[in-house]
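Protein chains: 2
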Amino acid sequence: MPAPNAFYAQSGGVTAVINASAAGVIETARKHKAKIGKVYAGRNGIIGALTEDLIDTSKESASAIAALRHTPAGAFGSCRFKLRGLEESRAQYERLVEVFKAHRIGYFFYNGGGDSADTCLKISQLSDSMGYPIVCVHVPKTVDNDLPITDCCPGFGSVAKYVATSMREAGFDVASMAKTSTKVFVLEVMGRHSGWITAACGLAAEKDGDAPHILLFPELTFDEDKFLARVEYSVNNHGYCAVGVSEGVKSKDGKFLADAGLKDAFGHTQLGGVAPVIASLVKNSLNYKNHWAVADYLQRAARHIASATDVKQAYAVGKAAVEFALKGHNAVMPTIVRLSGKPYKWSVGMAQLKDVANKEKMMPRSFITADGFHITSKCRDYLAPLIQGEDFPPFKDGLPRYVVLKNAPVSRKLDTPFQL
Amino acid sequence: MPAPNAFYAQSGGVTAVINASAAGVIETARKHKAKIGKVYAGRNGIIGALTEDLIDTSKESASAIAALRHTPAGAFGSCRFKLRGLEESRAQYERLVEVFKAHRIGYFFYNGGGDSADTCLKISQLSDSMGYPIVCVHVPKTVDNDLPITDCCPGFGSVAKYVATSMREAGFDVASMAKTSTKVFVLEVMGRHSGWITAACGLAAEKDGDAPHILLFPELTFDEDKFLARVEYSVNNHGYCAVGVSEGVKSKDGKFLADAGLKDAFGHTQLGGVAPVIASLVKNSLNYKNHWAVADYLQRAARHIASATDVKQAYAVGKAAVEFALKGHNAVMPTIVRLSGKPYKWSVGMAQLKDVANKEKMMPRSFITADGFHITSKCRDYLAPLIQGEDFPPFKDGLPRYVVLKNAPVSRKLDTPFQL
Chain U
1 MPAPNAFYAQ SGGVTAVINA SAAGVIETAR KHKAKIGKVY AGRNGIIGAL TEDLIDTSKE
61 SASAIAALRH TPAGAFGSCR FKLRGLEESR AQYERLVEVF KAHRIGYFFY NGGGDSADTC
121 LKISQLSDSM GYPIVCVHVP KTVDNDLPIT DCCPGFGSVA KYVATSMREA GFDVASMAKT
181 STKVFVLEVM GRHSGWITAA CGLAAEKDGD APHILLFPEL TFDEDKFLAR VEYSVNNHGY
241 CAVGVSEGVK SKDGKFLADA GLKDAFGHTQ LGGVAPVIAS LVKNSLNYKN HWAVADYLQR
301 AARHIASATD VKQAYAVGKA AVEFALKGHN AVMPTIVRLS GKPYKWSVGM AQLKDVANKE
361 KMMPRSFITA DGFHITSKCR DYLAPLIQGE DFPPFKDGLP RYVVLKNAPV SRKLDTPFQL
Chain V
421 MPAPNAFYAQ SGGVTAVINA SAAGVIETAR KHKAKIGKVY AGRNGIIGAL TEDLIDTSKE
481 SASAIAALRH TPAGAFGSCR FKLRGLEESR AQYERLVEVF KAHRIGYFFY NGGGDSADTC
541 LKISQLSDSM GYPIVCVHVP KTVDNDLPIT DCCPGFGSVA KYVATSMREA GFDVASMAKT
601 STKVFVLEVM GRHSGWITAA CGLAAEKDGD APHILLFPEL TFDEDKFLAR VEYSVNNHGY
661 CAVGVSEGVK SKDGKFLADA GLKDAFGHTQ LGGVAPVIAS LVKNSLNYKN HWAVADYLQR
721 AARHIASATD VKQAYAVGKA AVEFALKGHN AVMPTIVRLS GKPYKWSVGM AQLKDVANKE
781 KMMPRSFITA DGFHITSKCR DYLAPLIQGE DFPPFKDGLP RYVVLKNAPV SRKLDTPFQL
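If you read the sequences in order, they're chains U and V.
Here the first sequence stands for residues 1 to 420, where the numbers follow this note's numbering.
Here the second sequence stands for residues 421 to 840, where the numbers follow this note's numbering.
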């Protein structure tokens, strides 16, 4: 009886290092051929399993899989597709187990955030009750850094390094220009519900007066007067003002500032962006010349400035997921455990998925200064190790050399098409 | 009689490598102490000369000056302040010569774009006629890449490398997500009057189907129908569509798309950005989910991903400026001369400022494909060498370590304050 196969899928928004986790899973599985047959990947995440659109990763060379470690985004495709509760979405869960059974899949590795942890747990429960037990291990990934138990989430450290680097560089730029030109610069970053990425911008400032001078967190209600007073103070005292703002900042009425009801000349609604809203406010109220940037996907795809710590951790959780599965652990997730802060030491731990699913780790209020506009030293101590080290990708012709896999399909075994 | 001093100033928008030119000027001057006394820098550019606010660079250590080579933005401050014609602004030109005379400045090195080349030429002419001849050498710098005679402009290659890298990374991200989520991504880049930076985004695409799929150049009028048809084609054929757009793209009526008359909920005018306009158009017309990014200052400050070729050239023109001055060349500018394309070889040449001032080098139409949406192989051959090589700055605590100079003031000699 040949060893059962494994299934691996990427879920939700991709990151600079989710492929490093894929490399960890696949390379580790390849070292245990007696226990794991092939690793199949879902084309476009879990949708690939539902539609029986599987990728045979055994067709990829060792060097291609190794190159995943330095390639951003999701090499097999990801998706935004949430399976609901077992009752609501029973047919989908059953279909998954049916596809897994057809392809002799005994291990399910699901690489994503909170939603995918929940799906992973449910599949382990349902497959058991359906008499085809599958070992399910969740591989943590989210730039939002909001998974519980784990000290940090793979993907976050690299975004943090990118936004802090960008803020420092733009801060130097504005400082040069402020005498006669731009006095205020606004950088919009991701993190609709929690301010971890906004907080990371704060690492650029090493001493009073350094950029950023103001951070606007989604955890706190935007106070226009207090903000404008702070901008004015910064321009008067430091010559300029650099602002890091979360896309999720809300006004007193609970609405996203980014959805401020913009209309273009034709009356069409304009897709938001909070940076231009903040910039316009500064212009209209204080008449300071300003510039704004929206980093958007650039921040989470920026493998060229990834954190070496993050890359190592992303690989390690992929590797540990396979090792946990081989030891018979089911419905678990590898975690990052902080052993010490200075010097930074970490190891991989294990969490039960029932303790992970549907819980969000919010940023503590103690990580934000009393005035609400910057990070505390406690926050800095937490964040600083996560951006340590550089792990530049190989370059060719002046650009990062990223791998595109063959993504060869696995022959279908079922003749029942599945409607999503 | 001690050797005359030199004056160096930075002008206009700063770049990732203008400080490398400063290092080239200062380090070379320090090697010729018999002929050049001290190098004074203008605090905030030419304004520092007009207001007699000079910086004594001799107070900076050799290692601080060396660190300028890897530090972005303008270490002495830049400014947007244009001196007009000799008749109109005669008092300002005379004031400059007066300040230079008071500080025994015999060499004027002005680091900037077209406007500063013109100022540099005028000072050489006026100082001559005022009986205090100053050797004036312009040091080329502009991300816009629009100076004549020189094959390329220091500052451009690093922006080009940044936007091409960012486009490639974001393209990988969108490709991962397109099945169920974002199908169109728009990256806005600088270059209001010419499409050099937009063109550089095109380097990310190595073969048909790679991002970017569409480039929108300021040289061509935006054609909404043709653009939307192309977006649809790209989504249908490649699964997604990545667009690079110049901030300076105009509609048929000659207006910037970025100034599309946006109003916020309070009726205030919103500061533009062309990326959200393009994104909204795609959403409203084709209903594709989309994301957009505005790189703004991030692109020109991104020293962490500077082109090694650009850094070398920026340093070389600073060094050559001093060498030209010492040989008695006046009213000239060092240029980059392309000796061969493959392999890329270049040297430093010399242009007369009368041939440089008030001329812009536009991107040839032959660099844009017939359909107007991409770059030709001719363009690619021109651009490719300029992004070659990496020159990563030193990192500390996970972030690039940039130098902040002491910028010690030179004691004033004149007691006449000058009103700008």
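Beta carbons: idealized from backbone N, C-alpha and C, even for Gly.
- Boundaries around A9/U are those of the beta strand (DSSP E), N5 to Q10, since no alpha helix (DSSP H) includes it.
- Within chain U, E390 and F392 have C-beta atoms less than 8 Å from the C-beta of F812/V, given in sequence order.
- A Cβ-Cβ distance of about 4 Å is found for the pair A408/U and K59/U, placing them in contact under the 8 Å criterion.
- P334/U: member of the beta strand (DSSP E) spanning V332 to S340, first to last residue.
- Annotated three-state conformation of Y288/U is coil, per DSSP.
- Taking 8 Å as the CB threshold, E169/U lines the interface with chain V.
- Judged by pairs of C-beta atoms under 8 Å, the region 391-407 of chain U does not touch the region 516-524 of chain V, as fewer than three such pairs exist.
- In the displayed model, H103/U falls within coil according to three-state DSSP, outside both helix and strand.
- Measuring C-alpha to C-alpha distances from G131/U to each of S251/U, E94/U, F418/U and T165/U identifies E94/U as the nearest.
- Within the region 479-509 of chain V, T491, P492, A493, G494, A495, F496, G497, S498, C499, R500 and F501 place their CB atoms closer than 9 Å to a CB of chain U, listed in sequence order.
- In terms of beta-carbon proximity, P632/V stays away from the interface with chain U, with every pair separated by 8 Å or more.
- The bridge partners DSSP lists for A713/V are L607/V.
- Annotation for V317/U: no beta strand (DSSP E) segment contains it, though the alpha helix (DSSP H) segment containing it runs A308 to L326.
- Taking a Cβ-Cβ cut-off of 8 Å, the neighbours of T585/V in chain U comprise H304, L399 and P400, given in sequence order.
- Annotation for V776/V: the continuous alpha helix (DSSP H) segment containing it runs L773 to V776.
- The shortest CA-to-CA distance from I123/U to any of E27/U, G191/U and A49/U is the one to A49/U.
- Taking a Cβ-Cβ cut-off of 7 Å, the neighbours of K599/V in chain U comprise N44, I47, G77 and C79, given in sequence order.
- With a minimum length of 3 residues, there is no unbroken run of beta strand (DSSP E) contained wholly in the region 346-408 of chain U.
- For S166/U, there is no enclosing beta strand (DSSP E); the enclosing alpha helix (DSSP H) covers residues F156 to M177.
- Contact with chain U is found for D716/V, since one of that chain's Cβ atoms lies less than 8 Å from the residue's Cβ.
- Counted as a single uninterrupted DSSP element, the beta strand (DSSP E) harbouring Y40/U occupies residues V39 to G42.
- Between I807/V and chain U, the shortest Cβ-Cβ separation is below 8 Å.
- When C-beta distances to chain V are compared with 7 Å, every residue of the region 224-254 of chain U stays at or above that value.
- In terms of Cβ geometry, N425/V and G494/V do not form a close pair [threshold 8 Å].
- Under the three-state reduction of DSSP, Y552/V is assigned to coil, being neither helix nor strand.
- The residues P560, T755 and I756, in chain order, have a CB closer than 6 Å to that of T570/V in the same chain once the five nearest residues on each side in sequence are set aside.
- Fewer than three beta-carbon pairs drawn from the region 196-204 of chain U and the region 250-260 of chain U are found closer than 8 Å, and the two stretches are therefore not classed as touching.
- Only residues of its own chain outside the window of five on either side were considered, and among them K161, Y162 and T165 have a CB closer than 7 Å to the CB of I305/U, listed in chain order.
- Taking 8 Å as the CB threshold, D593/V lines the interface with chain U.
- It is roughly 50 Å from the alpha-carbon of G761/V to the alpha-carbon of K33/U.
- By the C-beta criterion, the region 234-253 of chain U is judged to be in contact with the region 167-185 of chain U, since at least 3 inter-stretch pairs fall below 8 Å.
- Under a 10 Å Cβ-count criterion, Y653/V is classified as exposed, with fewer than 16 other Cβ atoms of the shown protein chains found around its own Cβ.
- Residue burial is scored here from C-beta neighbours: N236/U has fewer than 16 other C-beta atoms within 10 angstroms and is therefore classed as exposed.
- In the three-state DSSP reduction, A662/V falls in the strand class (E or B).
- Leaving aside the five residues that flank Y297/U on each side, none in its chain has a CB nearer than 7 Å to its CB.
- In terms of beta-carbon proximity, F395/U lines the interface with chain V, with at least one pair separated by less than 8 Å.
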